[in-house]
Amino acid sequence: MKKTRLNSATDGINDALRLQRGLYTSRNPTRKWLHTSRLQWLIDTAGRYFPPGAKGPVIDIGTGCGILLPALSRHFESVIALDLETEFLKQVKTGFKENKAMQWLAGDARFLPIRDNVADLVVCAEVLEHIDSGLVCLKEIYRVLKPGGILLLSTPQPFSLLEITAGILLRRPVISLVRKIYREPVLPTGHINLMTSRRLNESLARIGFTVLEIHKSGLYLPGLAETSARFAQRLAAALNTRLFNTKLDFLLWTQFFVAGKPAAGRGRPRPAKEQP
């Protein structure tokens, strides 16, 4: 019985890793674009705030399949990949055997096993929505950042078209049909803590962060994305830029925050306005 449970857990980890990796090479143009564009925004934004060869360390919280690690390890001298699942770290680590920039750390995002005031940059991409106490995680990030350090955060918007559609189509027995349509690994999202942009903005300011940038992206067009392939992706990308910074940008899937931990002596910050 114990061995059966262990095999089941391993299969679950492998399924999750296959799903994560497959999102960035998906045969469905919209699915691929939603994830690769988010990844590129995070990489580009890290590059805007830190020059190549920055010392770091940078902490990638919830590193998962390690999709951000190649870019981070090229840009920073020191990178800490942290995940709750040790099996994730074991599998991802095999691709970085000769990379001296990398450190591997098993730990809970709510109780980071890291000293105060250590990190220049913390990346928390698609993690908060999986944690029932996201504010605790944000407070921990604030604690481990150096004064003047930066948080790059991405998390889904609760009322986006994708989240609403996923809430319907990724339930049993409908998910079986979705898998047949995509012909790729499809799992329930596991999103248990979706925060609105306003709530997240206010929460970051209340913790002590200065919110420097807010960005939103990722339009999903239900049905059209599955039936019209490349046309749907091009249309979604075009509409995406028109919707951002309007009253309808809650329909976009992902919200991005760039938040700084103020240097000593500065007053408590106010929530930021959204920026393109």
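Numbering follows this note's numbering, in which position 193 of the sequence shown is assigned residue number 1065; successive positions increment by one, without gaps.
Every residue gets a Cβ at the ideal spot worked out from N, C-alpha and C, and that includes glycine.
Please read these numbers as outputs of a predicted model, since none were measured by experiment.
The continuous stretches of beta strand (DSSP E) do not include aspartate 916, which lies in the alpha helix (DSSP H) extending over residues 901 to 921. At the C-beta level, glutamate 949 and glycine 928 come within 9 Å of one another. A buried status is given to leucine 1093, since no fewer than 16 other beta-carbon atoms sit within 10 Å of its beta-carbon.
In this chain, valine 999 is not harboured by any beta strand (DSSP E), its DSSP state being neither H nor E. For the 9 Å CB-CB criterion, serine 1032 and phenylalanine 1128 do not form a contact.
In the structure shown, aspartate 1121 falls within a helical segment according to DSSP collapsed to helix, strand and coil. Per DSSP, glutamine 975 is one residue of the beta strand (DSSP E) stretching across 974 to 978. In the structure shown, threonine 1037 falls within a helical segment according to DSSP collapsed to helix, strand and coil.
In this structure phenylalanine 960 is buried. Its beta-carbon is surrounded by 16 or more other beta-carbon atoms within 10 angstroms. In the structure shown, alanine 991 adopts extended strand secondary structure according to DSSP, grouped into three states. Rounded to whole angstroms, aspartate 916 and alanine 926 show a C-alpha spacing of 14 Å. If you look at glutamate 1098, you'll find it in the alpha helix (DSSP H) that goes 1096 to 1099. Counting the other CB atoms within 10 Å of its CB gives threonine 1126 a total of 16 or more, which places it among the buried residues. Put simply, the segment 1060 to 1068 does not touch the segment 1097 to 1115. Fewer than three CB pairs are less than 8 Å apart. With fewer than 16 neighbouring CB atoms inside 10 Å of its own CB, alanine 1110 falls in the exposed class. CA-CA distance, alanine 981 to alanine 991, rounds to 14 Å. Contact annotation, serine 1089 with serine 909: C-beta distance approximately 6 Å; criterion of less than 8 Å satisfied.
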